[in-house]
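In terms of our numbering, the sequence shown opens at residue 1 and continues consecutively. Think of the CB as a built atom: it goes at the ideal place given N, C-alpha and C, for glycine as much as any other residue. Source: prediction; values computed, not measured.
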Amino acid sequence: MYAAGFIVLLLMSLIAIAANNKLHHLHRLPMQWSLSGQVNWSAPRVIALASFPAIFAAISSALILTSISEHEQSTAQSLIFLGIVMIGLQILHLWLVHKKSSR
C-alpha cells in the first residue's frame with residue numbers, strides 16, 4: 001500500500017525536478033488562468049513546482065491514515081488512481097506554463 005504512494009510521489013518529484021531544470025529562466029510560474037487565458041496569479045518557481053507533490057503527499061497521507069482499518073487492496077487502488085490524476089494535472093500545469101512562456 002505504501003509503495004504505490006511512494007512511487008507516485010517519487011515520480012511527481014522527478015517531474016518537478018526536471019521541470020525546474022528546464023524552466024530555470026523563469027522566476028515565477030503561473031498558477032491560475034482566467035477563462036480568457038490571462039494569468040490570475042503566479043508563484044515562485046520552486047514553490048509552484050513543489051505544490052503538486054506536496055498536495056499529493058497531504059491527500060495520500062490522509063487517505064492512508066483514515067484507511068488503516070480498511071482493506072489494504074482498496075487503499076492501494078485509491079492511491080494509484082489519485083496518483084494518475086495528480087500526475088495528469090501536474091503535466092497539464094507544466095504544459096500550460098510552457099505554452100504561456102513560449103509566447
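- Taking C-beta atoms as the reference points, Pro-44 and Ser-13 fail to come closer than 7 Å.
- In the structure shown, the three-state DSSP call for Gln-73 is helix.
- Per DSSP, reduced to three states, the secondary structure at Gln-38 is coil, with no helix or strand assignment.
- Selection Ser-61, Ile-68, Ile-64 and Phe-56 evaluated against Gly-88 yields Phe-56 as nearest (Cα-Cα).
- A contact between stretches requires three or more CB pairs, one per stretch, nearer than 8 Å, and the region 76 to 92 fails this requirement with the region 22 to 32.
- Straight-line measurement puts the Cα of Ala-48 at about 8 Å from the Cα of Ser-42.
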